[in-house]
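Heads up, the thing below is written out as structure tokens.
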Amino acid sequence: MRKYLEVTLGVLTAIGGFVDIGDLVANAEVGARFRWNLAWVVVVGVVGIVLFAEMSGRVATLTERGTFDLVRERLGPRFALGNLLASFFVTFLTLVAEVAGIALALELATSVNHLLLLPTCGVLVWIVIWKVKFDSMERVFGLLGLALVVFAVAAWRLGPDWSAVLHQATHPGVPDGEGTPTYWYYAIALFGAAMTPYEVFFFSSGAVEEGWDRTDLMVNRANVLVGFPLGGALSLAIMTCAAVVFAPRGITVDHLSQVALPVAATLGRLGLVVVLIGFFAATFGAALETGLSSGYTVAQYFGWPWGKRYRPVDAARFHAVILVAILLAVAVGLTTVDPIKVTEYSIVFSAVALPLTYFPILVVANDPQYMGDRVNSRLTNALASVYLVVIVVAATAAIPLMIATKAGM
Amino acid sequence: MNVRCAARRLVAATLLGPLVILVSCSGPARTDASFSSKAASTADQARSSVETVVVLVESADRHHLPEPYLSTAIAEAEDDAGAALTGFESVQPPSSRSDLVRSRTSEVVGDAVDLLAQARISARRGHAPVELLPELRRASVRLDSLAANVER
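Keeping their order, the protein sequence lines are chains A and P. Numbering of the first sequence is given in the numbering used here, commencing with residue 55 and proceeding in unit increments. Numbering of the second sequence is given in the numbering used here, commencing with residue 1261 and proceeding in unit increments.
Right under this line is the structure:
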């Protein structure tokens, strides 16, 4: 039983990475505007994050050290600092959006304005990080986040023409009324959403928190092969619901309330309750992930004690970074900035920053000094090299496309 | 902090700020064609909000959806349509020909925003505004027609 529950790290990572507040809205928006013409990007993203997280988890499991600790040692402090700054910026933006996302999910259930709920949500996130054990946190929010499987149920109940869905997904094109630059902008955004750096920091640091060692390499693999495809499947289910309900009516998606609507329209009150629980769990899980990742990245770079496995007094600077990040995130949220816009920008910046994180992991995963006989196989390296090219192309094109399309408008 | 470090930080902040502004601001309309295009886009955005409320109200009627969700979602749709109208009305028409486009768009979109406000008020009182469905559907058709015709 314990072995089965160990995949909950991968499930939580995937829930927080694939269906956080920005992904929830982005997947629905893509479904509403492009139907299934961008489904292939989700598949490409899933394969990419499986590859990336497996390498990163294997590195952490064998070395029992954090990502930034190794990157600084292997590639030098200046490169690692650049990586840290870029990754921390993207992670912080996402933290801002996730804490606000928790408040938005609660607003849908209570009609209390999310700005009034925001400080409380920040406090709750901090209390859970401070007090709740890592494995308890991962199991509760990972399993609660599975409530989002309700989208798959709704998609099935909506009964689209599955042969047409498959045809469109396998023969993608730019729909009438949409421009090619906008199509590729959303392709990069979906790809960036699947391969956010904080997912990898959280997953690999979580492996150390869980005390994985050489004997847990199969657990590492099981986590990535179960968790991330599950996240990808949820993304496709959300996309399908939006494509069936919104696309024929020309509805564009900008709010979490709209994301829930296909489920409410198909499954009624019970479906709506389940999806709101899923929203809460997913955004809370993502807030935990990004909050902890903030601490992991900074502490690992500077060589401070880090992690929930230590008593807070023994990892004081790690917890201080997390506390400051959450406080700042709440403060930024209270400026009434649109959290969905914030996370949509963070997804694109994620794509820009991705090469800085991916390349060092690839280097370390091939270094026998760290990995022993568990360096990347030829197949893994071949696939990883292809993805390195894809990532660099996406990173280069992201900002120009964002400007040219006015962020997809 | 040395001068080089400070300069790098300043450059980063200088680049990031305008980037966000570049992608989020709506520019002026220098020609009648671009003004008409903005009018069509405004009508499309308002129509998206109206259709969202149509789906919400139909679902609420069928499934008795809870008031907090219904009222929050309708209010968001109303805010979006209102913001689209405000944004459009802040754009200077480039010619007197565009004045006609502006007044027609303001009238149709404004009516839609009023209808959405009525729906929001009704939902906040705990009542799904089912009686507004025929008017909402008519508003959607008018907005669709406006978007299609204004660019001709």
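We put the beta carbon where it would ideally sit given N, CA and C, even for glycine.
Exercise. Could you tell me which uninterrupted alpha helix (DSSP H) segments, each at least 4 residues in length, are contained entirely in the stretch 120-146 of chain A, listed from first to last along the chain?
Key: Within the stretch 120-146 of chain A, complete alpha helix (DSSP H) segments of at least 4 residues are found at 121-129, given in chain order.
Practice problem: Confirm, please, whether the CB-CB distance from L147/A to Y399/A is below 9 Å. | Solution: yes
Quiz item: Quick one: what's got a C-beta closer than 7 Å to R371/A's C-beta in the same chain, skipping five residues either side?
Solution: The answer, listed in chain order, is A353 and W358.
Quiz item: Closer than 8 Å: is that where the CB of V101/A sits relative to any heavy atom of the ligand SAM?
Solution: The ligand SAM is not part of this structure, which contains no ligands at all.
Quiz item: Using a C-beta cutoff of 9 Å, does D1340/P count as contacting chain A?
Solution: Yes - at least one Cβ of chain A is within 9 Å of the one on D1340/P.
Exercise. Compare the C-beta of A1399/P with all C-beta atoms of chain A and state if any pair is closer than 9 Å.
Key: no
Quiz item: Under a CB-based cut-off of 9 Å, is T164/A close to chain P?
Solution: yes
Quiz item: Going straight from the alpha carbon of L1330/P to that of L1392/P, what length do you get?
Solution: Approximately 15 Å between the Cα atoms of the pair.
Quiz prompt | Nearest-angstrom beta carbon gap, I394/A and A247/A [assumed within contact, 8 Å] | solution = Actually they do not touch by this definition, with Cβ atoms about 13 Å apart.
Quiz item: If the cut is a Cβ gap below 8 Å, which residues of chain P does S404/A touch?
Solution: Those do not exist, as S404/A stays about 15 Å from chain P at its closest Cβ, beyond 8 Å.
Quiz prompt | Coil, strand or helix - N277/A by DSSP | solution = helix
Quiz item: Are the stretch 93-111 of chain A and the stretch 209-229 of chain A in contact at 8 Å, needing three or more beta carbon pairs?
Solution: yes
Quiz item: Do we get a CB-CB distance below 9 Å when we pair H1323/P with the residues of chain A?
Solution: yes
Quiz item: Going along the chain, which unbroken runs of the alpha helix (DSSP H) with 4 or more residues stay wholly within the stretch 152-185 of chain A?
Solution: 168-185
Exercise. Taking all protein chains shown into account, decide if R1362/P is buried (16 or more other Cβ within 10 angstroms of its Cβ) or exposed.
Key: buried
Quiz item: What is the C-beta distance between V1315/P and A82/A, in whole angstroms, given that I count them as a contact (C-beta under 8 Å)?
Solution: Going by Cβ atoms, the distance from V1315/P to A82/A rounds to 13 Å, so no, they are not a contact pair.
Quiz prompt | Own chain residues within Cβ distance below 7 Å of G231/A, not counting five before or after | solution = none
Practice problem: Give the interface partners of S394/A over in chain P, defined as CB-CB distance under 7 Å, in chain order. | Solution: Note on residue identity: the sequence assigns Ile, not Ser, to residue 394/A. Near I394/A there are no residues of chain P at all, since even the closest Cβ is about 11 Å away, more than 7 Å.
Quiz item: Contact between the stretch 328-342 of chain A and the stretch 190-206 of chain A: three or more CB pairs below 8 Å?
Solution: Yes: the two stretches touch, three or more of their Cβ pairs being nearer than 8 Å.
Self-check item: C-beta atoms of A1343/P and L162/A nearer than 9 Å
Solution: In this structure, L162/A does not lie closer than 9 Å to A1343/P by Cβ.
Exercise. Look at the alpha carbon of A419/A and the alpha carbon of M425/A, and state the distance between them as a whole number of angstroms.
Key: For A419/A and M425/A, the distance between alpha carbons rounds to 7 Å.
Practice problem: Report the residue ranges of all alpha helix (DSSP H) runs contained in full by the stretch 292-368 of chain A; include only those spanning at least 4 residues, in chain order. | Solution: Listed in chain order, the complete alpha helix (DSSP H) runs (minimum 4 residues) inside the stretch 292-368 of chain A are 310-356.
Self-check item: Neighbour flag for L171/A against chain P, beta carbons, 9 Å
Solution: no
Quiz item: Name the chain P residues that come within less than 8 Å of T117/A, Cβ to Cβ?
Solution: Neighbours of T117/A on chain P: none; closest Cβ ~31 Å, over 8 Å.
Quiz prompt | Three-state class that DSSP yields for V391/A in the structure shown | solution = coil
Quiz item: So, is the C-beta of Q1305/P closer than 9 Å to a C-beta in chain C?
Solution: Checking the listed chains, one finds no chain C in this structure; the protein chains it contains are A and P.
Exercise. With 9 Å as the threshold, decide whether the Cβ of P1326/P is near any Cβ in chain A.
Key: Output row for P1326/P: interface = yes.
Quiz item: Does the beta carbon of T306/A sit closer than 9 Å to a beta carbon anywhere in chain P?
Solution: yes
Quiz prompt | Between the CA atoms of S1358/P and G199/A - distance to the nearest angstrom | solution = 51 Å
Practice problem: Classify K1298/P as buried or exposed, calling it buried when 16 or more other Cβ atoms lie within 10 Å of its own Cβ. | Solution: Of the residues assessed, K1298/P falls on the buried side of the cut-off, its CB having 16 or more other CB atoms within 10 angstroms.
Quiz item: Do you know how far the Cα of P1328/P is from the Cα of F245/A?
Solution: 34 Å
Quiz item: Who are the Cβ neighbours of L388/A in its own chain at under 8 Å, not counting the five residues just before and after it?
Solution: L169, L172 and P173
Quiz item: Thinking just about the alpha-carbon of each residue, which of A405/A, I183/A and I453/A is nearest to the one in Y441/A?
Solution: Comparing Cα-Cα distances from Y441/A to each of A405/A, I183/A and I453/A, the minimum goes to A405/A.
Quiz item: Which of helix, strand or coil does DSSP assign to D215/A?
Solution: coil
Practice problem: Helix, strand or coil for H1387/P, going by three-state DSSP, please let me know. | Solution: If DSSP states are grouped into helix, strand and coil, H1387/P belongs with coil.
Quiz item: Which chain P residues sit within Cβ distance under 9 Å of S141/A?
Solution: Chain P residues near S141/A: none, gap ~15 Å exceeds 9 Å.
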